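Worksheet for the structure shown next.
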Amino acid sequence: MKYVRIIFSPTGGTERVAEAITSAWPAGETVDLSVAGDEYEKYAFGPEDVALIAMPSFGGLAPKPAIDRLRRIRGGGAKCVLAAVYGNRAFEDTLVQMEDAAEASGFQVVAAVAAVAEHSIARQYAAGRPDEADRAQLAGFGKEILEKIKAGGGKPAIPGDRPYKKAGGGMTPKAGDECVACGLCARRCPVGAIDPKAPRTADGDKCIGCMRCVAVCPKKARKINGAALAAVSLALKKACSVPKENQLFL
Ligand SMILES: Cc1cc2nc3c(=O)[nH]c(=O)nc-3n(C[C@H](O)[C@H](O)[C@H](O)COP(=O)(O)O)c2cc1C
Ligand code: SF4
Ligand code: SF4
Numbered sequence: 283m284k285y286v287r288i289i290f291s292p293t294g295g296t297e298r299v300a301e302a303i304t305s306a307w308p309a310g311e312t313v314d315l316s317v318a319g320d321e322y323e324k325y326a327f328g329p330e331d332v333a334l335i336a337m338p339s340f341g342g343l344a345p346k347p348a349i350d351r352l353r354r355i356r357g358g359g360a361k362c363v364l365a366a367v368y369g370n371r372a373f374e375d376t377l378v379q380m381e382d383a384a385e386a387s388g389f390q391v392v393a394a395v396a397a398v399a400e401h402s403i404a405r406q407y408a409a410g411r412p413d414e415a416d417r418a419q420l421a422g423f424g425k426e427i428l429e430k431i432k433a434g435g436g437k438p439a440i441p442g443d444r445p446y447k448k449a450g451g452g453m454t455p456k457a458g459d460e461c462v463a464c465g466l467c468a469r470r471c472p473v474g475a476i477d478p479k480a481p482r483t484a485d486g487d488k489c490i491g492c493m494r495c496v497a498v499c500p501k502k503a504r505k506i507n508g509a510a511l512a513a514v515s516l517a518l519k520k521a522c523s524v525p526k527e528n529q530l531f532l
């Protein structure tokens, strides 16, 4: 029996949630869904295995590269828990999209979690989450899920609509004069949108606006346009200001 964490976490919030949920689980491998060019077909599991699949919500949907890569993994009947991580606005159709992709890959969904983490664009929302109280609650969810798996329960109702909502456009960060062309952002971009030879810009057609390049830049050189950020912050204010609860679907 293997325990595996299958994670897409551009800026670390989803990873922190996944660590909390699985903190009482036996140790196991982690599959990073954010590696452009990885051969995801090489990951194969069987009916005795247990997987946590965790992704952020982008515009109420799962990020397309994460879904495409999950579909290439061979689930082989492994039990899986879905975790959608969102920045305190809403996760809408993220979990049902993950459910469809996990099942298409041969996983058997047994539980789902929706959890809040700091908003990776407008960082003033859900700042510092998952905090200590979140981590304790998520660890409790993880224990309840393991008990359900041992007892052999079936799939819960997963919230969300089909057809999924329409995807919106993202914002592509760019680097200013502080950029020293170290190339780290290009190496870590999940979709290869940054040319390592010209890293100040990015290919807007490939970019999914995930903010990984902003988070990893050691010179804090990458930013999204100030006016666009101010507009997004204002648009999110009402929906994001009241703290939301983590939810377990068992
Ligand atoms: C492009 C983009 C779209 C997002 N859309 C939503 C959203 O629709 N609802 C929400 O609550 N949070 C949204 N967020 C916030 C992220 O879901 C949240 O910060 C998540 O923790 C990011 O995961 P990460 O830290 O693993 O990168 C969005 C973030 C990005 C970058
Ligand atoms: S990580 Fe920062 S400093 Fe390095 S190339 Fe990218 S933008 Fe420039
Ligand atoms: S260029 Fe776009 S896709 Fe690549 S790390 Fe930056 S925000 Fe993410």
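Heads up: the sequence shown runs through residues 283 to 532, numbered per this note's numbering. Note that CB positions come from ideal geometry on N, CA and C, so glycine has one too. Computed from a prediction, not measured in an experiment: that's the story for all the values here.
Whole-angstrom C-beta distance between residue j and residue i, which should lie under 8 Å
{"i": "Cys467", "j": "Arg504", "result": "6 Å"}
{"i": "Leu532", "j": "Lys447", "result": "Not a contact, Cβ separation roughly 25 Å."}
{"i": "Glu400", "j": "Arg417", "result": "At roughly 13 Å, the Cβ-Cβ gap does not stay under 8 Å, so Glu400 and Arg417 are not in contact."}
Contact under 9 Å by Cβ, residue i with residue j
{"i": "Val317", "j": "Pro338", "result": "no"}
{"i": "Ala372", "j": "Thr296", "result": "no"}
{"i": "Pro455", "j": "Ile506", "result": "yes"}
{"i": "Ala421", "j": "Ala306", "result": "yes"}
{"i": "Val392", "j": "Ile303", "result": "no"}
{"i": "Asn370", "j": "Ala415", "result": "no"}
{"i": "Asp485", "j": "Ala475", "result": "yes"}
{"i": "Ile490", "j": "Phe389", "result": "no"}
Outcome for residue i when other beta-carbon atoms lying within 10 angstroms are tallied against a minimum of 16
{"i": "Ala383", "result": "buried"}
{"i": "Asp443", "result": "exposed"}
{"i": "Asp375", "result": "buried"}
{"i": "Lys437", "result": "exposed"}
{"i": "Gly357", "result": "buried"}
{"i": "Asp331", "result": "buried"}
{"i": "Ser523", "result": "exposed"}
{"i": "Val462", "result": "exposed"}
Residue i CB to nearest heavy atom of ligand 1 below 8 Å
{"i": "Pro455", "result": "no"}
{"i": "Val524", "result": "no"}
Residue i Cβ short of 8 Å to ligand 5 heavy atom set
{"i": "Pro500", "result": "In terms of ligand content, the structure shown lacks ligand 5 and carries ligand 1, ligand 2 and ligand 3 instead."}
Ligand 2 heavy atom lying under 8 Å from the CB of residue i
{"i": "Leu532", "result": "no"}
{"i": "Cys467", "result": "yes"}
beta-carbon residue i near ligand 3 non-hydrogen atom, thresh 8 Å
{"i": "Met493", "result": "yes"}
{"i": "Arg470", "result": "yes"}
{"i": "Cys489", "result": "yes"}
Inset, instruction - Determine contact between the stretch 339 to 359 and the stretch 493 to 501, defined as no fewer than three beta-carbon pairs at a distance below 8 Å. - result: no
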